[in-house]
Amino acid sequence: MADLVFSARALTKTYTSGETQVLALRALDLEIFAGEVVVLLGPSGSGKSTLLNIMGGLDHATSGQLFFRDQELTNLDDRGLTAYRRQHVGFVFQFYNLIPSLTAYENVALVTEISDHPMRPDEALALVGLEPRVHHFPAQLSGGEQQRVAIARAIAKRPDVLLCDEPTGALDSKTGIRVIEALLGINAQLGTTVLIITHNASIQDVADRVLFFADGQISRVHKNKARRTAAELVW
Amino acid sequence: MRTLDIKLFRDLVRLWAQALAIALVIAGGVSTVVLAVGSLRSLEETRIAYYERHQFADVFALVRRAPKTLLTQIAEIPGVAAVQGRIAKLALLDIPQFSEPATGLFISLPEDRQPALNRLYIRLGRMPEPGRGDEVVVTEGFAKAHAFRPGSHFAAILNGRKRDLVVVGIALSPEFIYAIGPGDRMPDERRFAIVWMSEKALASVYNLDGAFSSVILSLMRDASEGEVITRLDALLDRYGGQAAYGREDQTSHAFLEHGLDMLRNMSRTLPPIFLLVAAFLINVTLSRIVALEREQIGLLKALGYRNAAVAWHYIKFIVVIVTIGVVIGSAAGTWLGTFVTEMYGDFYRFPFRVFVQSSDVYVAAAALSLGAAIVGAVRALRDIVTLPPAVAMQPPAPPRFRRLLPANFAIRNVLSQPAVMMVRNISGHPIRAMFTIAGMSLATGILIASLFLNGTMEALIDVTYFLSDRQDATVSFVERRPLKAVNQIARLPGILAAEPFREVPVRIRNGNIDRRIMISGRPRDADLNRIIDTDLHPVVLPEAGLALSSWLVHILGTQVGDFVEIDLLEGRRRTVSLPVTALVEDYFGIQGMMHFDALARLMREAPAVNSVSVSLDANERDRFYDAIKSMPTVSGVALQRVSLANFRDALAVLVTTMANIYIGLAAVIAFGVVYNSARISLSERARELASLRVLGFTRGEVLRILLLELAVLTLLAQPPGWAIGYGLAWTLQTKMAGELMRTRLVVEHSTYVLASAMVIAAALFSALVVRRRINQLDLVTVLKTRD
Chain A
1 MADLVFSARA
11 LTKTYTSGET
21 QVLALRALDL
31 EIFAGEVVVL
41 LGPSGSGKST
51 LLNIMGGLDH
61 ATSGQLFFRD
71 QELTNLDDRG
81 LTAYRRQHVG
91 FVFQFYNLIP
101 SLTAYENVAL
111 VTEISDHPMR
121 PDEALALVGL
131 EPRVHHFPAQ
141 LSGGEQQRVA
151 IARAIAKRPD
161 VLLCDEPTGA
171 LDSKTGIRVI
181 EALLGINAQL
191 GTTVLIITHN
201 ASIQDVADRV
211 LFFADGQISR
221 VHKNKARRTA
231 AELVW
Chain B
236 MRTLDIKLFR
246 DLVRLWAQAL
256 AIALVIAGGV
266 STVVLAVGSL
276 RSLEETRIAY
286 YERHQFADVF
296 ALVRRAPKTL
306 LTQIAEIPGV
316 AAVQGRIAKL
326 ALLDIPQFSE
336 PATGLFISLP
346 EDRQPALNRL
356 YIRLGRMPEP
366 GRGDEVVVTE
376 GFAKAHAFRP
386 GSHFAAILNG
396 RKRDLVVVGI
406 ALSPEFIYAI
416 GPGDRMPDER
426 RFAIVWMSEK
436 ALASVYNLDG
446 AFSSVILSLM
456 RDASEGEVIT
466 RLDALLDRYG
476 GQAAYGREDQ
486 TSHAFLEHGL
496 DMLRNMSRTL
506 PPIFLLVAAF
516 LINVTLSRIV
526 ALEREQIGLL
536 KALGYRNAAV
546 AWHYIKFIVV
556 IVTIGVVIGS
566 AAGTWLGTFV
576 TEMYGDFYRF
586 PFRVFVQSSD
596 VYVAAAALSL
606 GAAIVGAVRA
616 LRDIVTLPPA
626 VAMQPPAPPR
636 FRRLLPANFA
646 IRNVLSQPAV
656 MMVRNISGHP
666 IRAMFTIAGM
676 SLATGILIAS
686 LFLNGTMEAL
696 IDVTYFLSDR
706 QDATVSFVER
716 RPLKAVNQIA
726 RLPGILAAEP
736 FREVPVRIRN
746 GNIDRRIMIS
756 GRPRDADLNR
766 IIDTDLHPVV
776 LPEAGLALSS
786 WLVHILGTQV
796 GDFVEIDLLE
806 GRRRTVSLPV
816 TALVEDYFGI
826 QGMMHFDALA
836 RLMREAPAVN
846 SVSVSLDANE
856 RDRFYDAIKS
866 MPTVSGVALQ
876 RVSLANFRDA
886 LAVLVTTMAN
896 IYIGLAAVIA
906 FGVVYNSARI
916 SLSERARELA
926 SLRVLGFTRG
936 EVLRILLLEL
946 AVLTLLAQPP
956 GWAIGYGLAW
966 TLQTKMAGEL
976 MRTRLVVEHS
986 TYVLASAMVI
996 AAALFSALVV
1006 RRRINQLDLV
1016 TVLKTRD
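Those sequence lines, one after another, are chains A and B. Going by my numbering, the first sequence opens with residue 1, and the numbers climb by one from there. Going by my numbering, the second sequence opens with residue 236, and the numbers climb by one from there.
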């Protein structure tokens, strides 16, 4: 068995929205292993994004424990979480979240400049097949290209984990497949652990494991006997 | 950090219009301070240098006739550094092709050299040659008014005899920077000249050989002016000396000081207010702009940037904008300061200008602007960086809107849906709405504070020239004349009415506060020189007692019914105690007024006059002038119409230009504020407005929703803006009031209207820009991405 990357014990998150309390994660337990591709499936509000945000150090848990390797993330303050994100985590968001005033190259450079052992930005963009578009601004790129810039930005620091929240959500199927292809390529080449949140059930076939979410908990875990390649996906 | 700097640069380029508008607000604040302090310091330094280089005297006294041997005794008074005895006499001038009577103050020059004190600055030509009794040097203003050059001729009636004079030199003197003729309120360079001529010639005309009629002294650094004056008065008393006085009572110095004082008070009042307003506005504006960057801040944090790095990035953004503003403001302020210094310098005819570089002002103005901007940005940043990145990257949670009225009261029936959205949006962001209103109110306020000056000056003119001093002309005599002189004047051609006017110099005292003033005696039923009370009604002079300028009463700390001590400084010197019986509303100088007969009794003299106020038939004016010119007892004629024109000219330099500069800068600030408010609220609501477009609202409808809010906030800002404006105007008026001149606070309705109109115009222009932006809203992009 490979090394444990994440382990969660009774992880709970409560949001206060106005006068109402929303229980986003209910005492969730979880283990994720190095090099795994894990797909998180479930309806809106089932807690997938909340879990991913806490695992990525973007948000705090209300109670419970979450470890990254031996480090307890739930104990870290803002400064500690920033250092953790900087060293270990790459993010891919549904809406790409590129800085519109920076070119593809510069959006990647934004991260490589603050990382310890990054790739060169053009190297990262080559990995996602965007060499010819490195000097384009986000507004000059298609949605799929923008998402691949976001992936290049996420992998350029050689992160240990790649956390992807609906990476294909805003894309058509052909472009979506290219994006999944890029993510799996990173996993294969660099051994990066990849977590993908999706609404799209067909993507589950590329995963080692699929976690099904409902009401802030993992309702079911499915292990694929064989992973499909991105090219084999249809939706 | 290189890539972040690229982002910084590109963001600045993208937001150039807004960045420029903010920079202009800062520039407006900075330039007022730089302009005001720079010009004031330069003019003060110029005056100091002028006085020093030309040995301007410290103490001045007039005598009837004193022997020159007395000068040695005067020089021995402890504290006296230098003494200059001279002859000074007023005389009527006869100028070719100039019908109005003009007056010259003739001052003697030592033979073949400059005087030791009050040295002349020769602009053109030379000093009179020794032994040439017809050669004179005249003041530059007078020479220019009559196109005199060396070689020009004019005549004067000296001691009753007409003499031809030739101009050999044109000069300036620190003693007559501001030269006011007898009976006049304002300098009139056409009709009043200082004429310097050989002492020998002047002495022989006035039978003053070996004698002097004017003495001026300079003092040692540690001398006591008061003691020197007391001793000097004692020495001069038996030679018909009038009370000596120091610089602060010397007309030219006092008027110059007052002009500088107005500039000083304007620069101490308006610019700091402008700068503070600008600082407040950039604080609010930058705080909102940074708040709009919430999602990008969240992203940078998600990517691993530390809080300090994110904050530093935005602070750099602000430093660049503030620096642009400070550079523009300093350049504009320096340029305007030089312009104002030149303008004042020309007005006062300073022979040279000293420009003072005030680097401390630049630094202070820049530091305040930068501080205010950074505090504003940090306030917004602190709120955002403390959010977890996951939260920051989401748009802010919608504010909790409330029904303002009971649910069963359907507001929809009263207001359209866009109006309901507008009302909810304002009430849902009360702080934001309040800051926007505050910004626009301040803009209206500083506009009013700059605009009101012109109206106030008109009110002053109205009271002074049309309510109070309604005579057409004032005929002054060389020496006081018996009352029958009034009848002589009344019989001159063109005279419709004539009133006697007697003036006596006194020192007025209450406790340890005293002032040197003139007490004027006027007939009880005076119709030309009327007395106006503080309610602006003409009042009849009380039979007994003293009517005083309300400002003087305020200085003395006394009130109606109290007694004040009066030292009579003319005739038989004695001290009397008189009751204050009325308050007079006047705006020039401080003075006392008495019943004509009462003043004569007080002076223990037969009723006498120094001047006669007359009303004239305009068609007979030239005949009147001709008649006056042949009267050796007359020293000059002051014309109200000319005085008013000159007053307006002086105002144009001293007040109007400054006020207009401030109006311009206030307009820049007002525009910057309104424009930024409109642009930021567009950015803040871009998603919401795009959603409405997607739902089928037309561009016009969406625009109306946004502009309705801008319009309502702009209108709501006006009444508090008027109150702020009135308060600022009151502060400025109070600070500018002085013994030489003050104003009644009048803020015309038109001033409020104009100030509001300027702010509303800025809002309309901003609306046009916003309309272009709304037409360009990219619906899909706005809905899909969160930039």
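Even for Gly, the Cβ is constructed at its ideal location relative to N, Cα and C. Note that the coordinates shown come from a computational prediction; the quantities given were computed from them, not determined experimentally.
Cutoff 8 angstroms: residue i Cβ touching any chain A Cβ
| i | result |
| --- | --- |
| glutamine 531 (chain B) | yes |
| arginine 237 (chain B) | yes |
| aspartate 1022 (chain B) | With a pLDDT of 38 at aspartate 1022 (chain B), under the threshold of 50, the modelled position of that residue is not reliable, and the figure given next carries that caveat. With 8 angstroms as the cut-off, aspartate 1022 (chain B) counts as an interface residue toward chain A. |
| leucine 534 (chain B) | yes |
| methionine 1039 (chain B) | Not covered by the structure: residue 1039 (chain B). The range shown for chain B is 236 to 1022. |
| methionine 669 (chain B) | no |
| methionine 578 (chain B) | no |
Neighbouring residues, chain A, relative to residue i (Cβ below 7 angstroms)
| i | result |
| --- | --- |
| proline 653 (chain B) | The premise fails here: proline 653 (chain B) is roughly 26 angstroms from chain A at the closest Cβ pair, so nothing lies under 7 angstroms. |
| alanine 625 (chain B) | Asn53, Leu58, Asp59 |
Three-state secondary structure (DSSP) of residue i
| i | result |
| --- | --- |
| arginine 86 (chain A) | helix |
| asparagine 518 (chain B) | helix |
| asparagine 97 (chain A) | coil |
| alanine 817 (chain B) | strand |
| threonine 229 (chain A) | coil |
| arginine 245 (chain B) | helix |
| alanine 430 (chain B) | The question names alanine, but residue 430 (chain B) is valine in the sequence shown. Strand, per DSSP. |
| threonine 810 (chain B) | strand |
| valine 38 (chain A) | strand |
Separation of residue j from residue i, as counted between CA atoms
| i | j | result |
| --- | --- | --- |
| leucine 327 (chain B) | arginine 361 (chain B) | 24 angstroms |
| leucine 834 (chain B) | glutamate 840 (chain B) | 9 angstroms |
| isoleucine 257 (chain B) | threonine 520 (chain B) | 8 angstroms |
| histidine 88 (chain A) | isoleucine 896 (chain B) | 59 angstroms |
| leucine 781 (chain B) | lysine 864 (chain B) | 35 angstroms |
| valine 294 (chain B) | leucine 352 (chain B) | 11 angstroms |
| alanine 24 (chain A) | leucine 41 (chain A) | 15 angstroms |
| glutamate 232 (chain A) | threonine 192 (chain A) | 22 angstroms |
| tryptophan 251 (chain B) | arginine 523 (chain B) | 16 angstroms |
| aspartate 768 (chain B) | alanine 708 (chain B) | 23 angstroms |
| asparagine 187 (chain A) | glycine 35 (chain A) | 7 angstroms |
| proline 167 (chain A) | serine 142 (chain A) | 14 angstroms |
| valine 372 (chain B) | proline 385 (chain B) | 9 angstroms |
| leucine 51 (chain A) | asparagine 75 (chain A) | 16 angstroms |
Min CB distance residue i to chain B below 8 angstroms
| i | result |
| --- | --- |
| valine 111 (chain A) | yes |
| phenylalanine 91 (chain A) | yes |
| glutamine 186 (chain A) | Glutamine is not the amino acid found at residue 186 (chain A); the sequence shown has isoleucine there. No - not a single Cβ of chain B is within 8 angstroms of the one on isoleucine 186 (chain A). |
| asparagine 97 (chain A) | yes |
| glutamate 123 (chain A) | no |
| threonine 198 (chain A) | no |
| threonine 229 (chain A) | no |
| threonine 82 (chain A) | yes |
Under 7 angstroms from the C-beta of residue i: neighbouring residues of chain B
| i | result |
| --- | --- |
| arginine 86 (chain A) | Gly539 |
| glutamate 36 (chain A) | Per Cβ cutoff of 7 angstroms: no residues; glutamate 36 (chain A) is ~22 angstroms from chain B at best. |
| serine 236 (chain A) | Outside the displayed span of chain A (1 to 235) sits residue 236 (chain A), for which this structure offers no information. |
| glutamate 106 (chain A) | Thr238, Ile241 |
Neighbouring residues, chain A, relative to residue i (Cβ below 8 angstroms)
| i | result |
| --- | --- |
| lysine 551 (chain B) | Correct list: empty, because the minimum Cβ distance to chain A is about 14 angstroms. |
Bridge partners - residue i, DSSP secondary structure assignment
| i | result |
| --- | --- |
| alanine 615 (chain B) | In the DSSP output, where bridge partners are listed per residue, alanine 615 (chain B) has none listed. |
| asparagine 745 (chain B) | B:Ile748 |
| arginine 317 (chain B) | Residue identity differs from the one stated: residue 317 (chain B) is alanine in this sequence, not arginine. The partner list for alanine 317 (chain B) (beta bridge, DSSP) reads B:Ser453. |
Interface partners of residue i on chain D, CB under 9 angstroms
| i | result |
| --- | --- |
| isoleucine 114 (chain A) | Among the protein chains of the structure shown, namely A and B, there is no chain D. |
Residue i Cβ short of 7 angstroms to the ligand NAD heavy atom set
| i | result |
| --- | --- |
| valine 562 (chain B) | With respect to the ligand NAD, the structure shown offers nothing to examine, as it has no ligands at all. |
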